[in-house]
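Okay, so here's the structure we're looking at.
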Amino acid sequence: RGGRGGRGGFGGGQPASVKHSFQTLCLDKETGDTLWVREGMAVIPHEGHHPTNSYSSGSAVTDGQHVVSFFGSRGLFVYDMEGNLAWKKDLGDMSTRNGFGEGASPVLHGQTLVVPWDTEQESYLVAFDKRDGSELWRQNRDERTGWSTPYIVQHDGTIEVIVNASNKVRSYNLADGSLLWECAGQTVNAIPSVVADDRHLYAVSGYRGNAAMAIQLGKRGDLSGSDAITWTLSRGTPYVPSPLLMNGRLWFTQGNDAVITCVEAQTGKVHYTQERLDGPSGFYASPVGVDGKVYLAGRNGTTVVLEDSDTLKVLAVNRLDDPIDASPALSGNAIYIRGHQHLYCIAE
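Residue numbering for the sequence shown follows our numbering, starting at 1335 and increasing by one per position.
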């Protein structure tokens, strides 16, 4: 809260000149009533952000026992489900490329909370005990500013934390932070999070180039250019949105445009590619899927619903008079959409 950063053209905005309140809100999912609000801090941010970014682009995460809000340079705040502060942590100030701002989210698995910190000055992945904030491990990273949220996958008894990035996709052992494998081949500014099934890890990126690849799980070491890469694709990949993996199919958009590709995940066989969708102006939100449907929320407030199939079939086009940049959240029979002005619950 407190307004957006400076304009800054295609680069970052000027640093803010007024205090911003960094808050975590809990709403009743059935009624939308506010149950509690907690302010982590009120401060003048040290750095601006891209005109389409904000100071709260990261998502809160929960395991049903704790709620974690990560405001980057403004700190890490962990609450119980009633909004009582369990602990907080100041990680310092980020310096982001071109002042674009921050945006990656933390991930929770068991008792471990993993926080990404890729900046222009110092980059690392750090794990905390979610119960008391004690640091479990920290792994330095050969990366510059990153906006990719880590992904956790379990394979052959090992729990891996995998992070997409410009230099390499890297996998770390959740138990101790040790590097398990790495693989080059993404574009610069690799923002999309990875996804995985029981055989492959899928990584995509689409700034100043196009890259999509399926990497076999269970391998170790530097996998760059090796036969651990089952397939690659060099067209139609996303800049900001993450891909969707569902029922053996991988969907991803092109750049930030309203263009969609669907491939067979295991083989890379293209079902359809670079098909333009009427209605949305483009996408920052990632596609989400449930019950045989794929939902793509456009930046102009228009959501397209596709059939989960090998052929492109539009089932519905729905419009809200509110721009959408956040990925929809699914819970039960409801879809929650965060617009620029309002939070919406759409349900039967």
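A virtual CB, placed ideally from N, CA and C, is assigned to each residue, including glycine. From a predicted model like this one, the values you see are computed outputs, not experimental measurements.
* Asked: Which runs of the alpha helix (DSSP H) fall wholly inside the stretch 1561-1630 and span at least 4 residues, in chain order?
  -> none
* Rounded C-alpha distance that separates L1640 from G1426 -> Residue 1640 sits at position 306 when you count from the first residue of the sequence shown. Residue 1426 sits at position 92 when you count from the first residue of the sequence shown. Distance between the alpha carbons of L1640 and G1426 is about 43 Å.
* Whole-angstrom distance between R1408 and P1349, CA atom to CA atom -> Position 15 of the sequence shown, counted from the first residue, corresponds to residue 1349. Position 74 of the sequence shown, counted from the first residue, corresponds to residue 1408. Within the model, the alpha-carbon separation for P1349 versus R1408 is close to 14 Å.
* Alpha carbon to alpha carbon, how far is G1632 from L1677? Give it in angstroms, no decimals. => Taking the first residue of the sequence shown as 1, we reach residue 1677 at position 343. Taking the first residue of the sequence shown as 1, we reach residue 1632 at position 298. When rounded, the distance between both Cα atoms is 15 Å.
* When the Cα atoms are used, what is the spatial distance from V1529 to S1665? -> Against the sequence shown, residue 1529 aligns to sequence position 195. Against the sequence shown, residue 1665 aligns to sequence position 331. Using only the alpha carbons, I get a separation of about 20 Å.
* Asked: Is the distance from the Cβ of V1574 to the Cβ of L1535 below 8 Å?
  -> One-based indexing of the sequence shown puts residue 1574 at position 240. One-based indexing of the sequence shown puts residue 1535 at position 201. Cβ distance not < 8 Å, so V1574 and L1535 don't count as in contact.
* Asked: Any idea what DSSP makes of S1403, helix, strand or coil?
  -> Stepping through the sequence shown from its first residue, residue 1403 is reached at position 69. Three-state DSSP puts S1403 in a strand.
* To do: Could you name the residues of the same chain whose beta carbon sits closer than 8 Å to that of D1397, not counting the 5 residues immediately before and after it, in chain order?
  => Counting from one through the sequence shown, the residue named residue 1397 turns up at place 63. Excluding the 5 residues flanking it on each side, D1397 has same chain C-beta neighbours closer than 8 Å at L1442, K1464, in chain order.
* Kindly list the residues whose CB is nearer than 8 Å to the CB of G1374, restricted to its own chain and excluding five residues on each side of it in sequence; keep chain order. => Reading the sequence shown from its first residue, position 40 is the one you call residue 1374. Excluding positions up to five away in sequence, the list reads F1356, Q1357, T1358, S1403, F1405, R1408, G1409, F1411, K1422.
* Counting pairs of beta carbons, one from the stretch 1564-1578 and one from the stretch 1592-1606, are three or more of them closer than 8 Å? -> yes
* Take every Cβ of the stretch 1609-1626, pair it with every Cβ of the stretch 1656-1671, and state whether three or more of those distances are shorter than 8 Å. => yes
* Asked: In three-state DSSP terms, what is R1533?
  -> Against the sequence shown, residue 1533 aligns to sequence position 199. R1533 falls in the coil class under three-state DSSP.
* So, is W1370 buried or exposed, given that buried needs 16 or more other C-beta atoms within 10 angstroms? -> As a position in the sequence shown, residue 1370 is number 36, starting the count at 1. Answer is exposed; the Cβ neighbour count stays below 16.
* Near E1682, which residues of its chain fall below 6 Å by C-beta distance, leaving aside the five closest residues on each side in sequence? -> To locate residue 1682, count along the sequence shown from 1; it is residue 348. Correct list, in chain order: N1667.
* Nonlocal neighbours in the same chain, by C-beta distance under 8 Å from K1627, ignoring five residues either side -> The count along the sequence shown starts at 1 and reaches residue 1627 at position 293. Result list for K1627: V1639, L1640, E1641, D1642, L1649, in chain order.
* Asked: How long is the line joining the alpha carbons of Y1606 and N1501, rounded to whole angstroms?
  -> For this step, residue 1606 is matched to residue 272 along the sequence shown. For this step, residue 1501 is matched to residue 167 along the sequence shown. Taking the straight line from one Cα to the other gives about 29 Å.
* To do: Classify D1424 as buried or exposed, calling it buried when 16 or more other Cβ atoms lie within 10 Å of its own Cβ.
  => Your numbering for residue 1424 matches position 90 in the sequence shown. Counting Cβ neighbours within 10 Å, D1424 comes out exposed, since fewer than 16 surround it.
* Under 8 Å Cβ to Cβ from P1614, same chain only, skipping five residues before and after it: list those, please. => In the sequence shown, the residue the question calls residue 1614 occupies position 280. Excluding residues within five positions, the ones whose Cβ falls inside 8 Å are A1592, L1630, A1631, G1632, R1633, N1634, T1636, T1637, V1638.
* **Contacts around E1477, its chain only, beta-carbon distance under 7 Å, and the 5 residues preceding and following it disregarded** => Counting from 1 along the sequence shown, the entry for residue 1477 is found at position 143. Cβ neighbours of E1477 beyond the five flanking positions: D1452, S1457, A1499, S1500, N1501.
* Please report how far the alpha carbon of G1467 lies from the alpha carbon of S1429, in whole angstroms. => The residue you call residue 1467 lines up with position 133 of the sequence shown. The residue you call residue 1429 lines up with position 95 of the sequence shown. Distance between the alpha carbons of G1467 and S1429 is about 24 Å.
* From the DSSP output, read off the bridge partner residues of L1508. => Indexing the sequence shown from 1 puts residue 1508 at position 174. Partner(s): none; L1508 has no beta bridge.
* By DSSP, does L1465 sit in helix, in strand, or in coil? -> The sequence position of residue 1465 within the sequence shown is 131, counting from 1. It is worth fixing the name first, because residue 1465 is Arg in this sequence and not Leu. R1465 falls in the coil class under three-state DSSP.
* Which same chain residues, not among the five before or five after K1363, have their C-beta less than 6 Å away from its C-beta? -> Counting from 1 along the sequence shown, the entry for residue 1363 is found at position 29. Correct list: empty, nothing qualifies.
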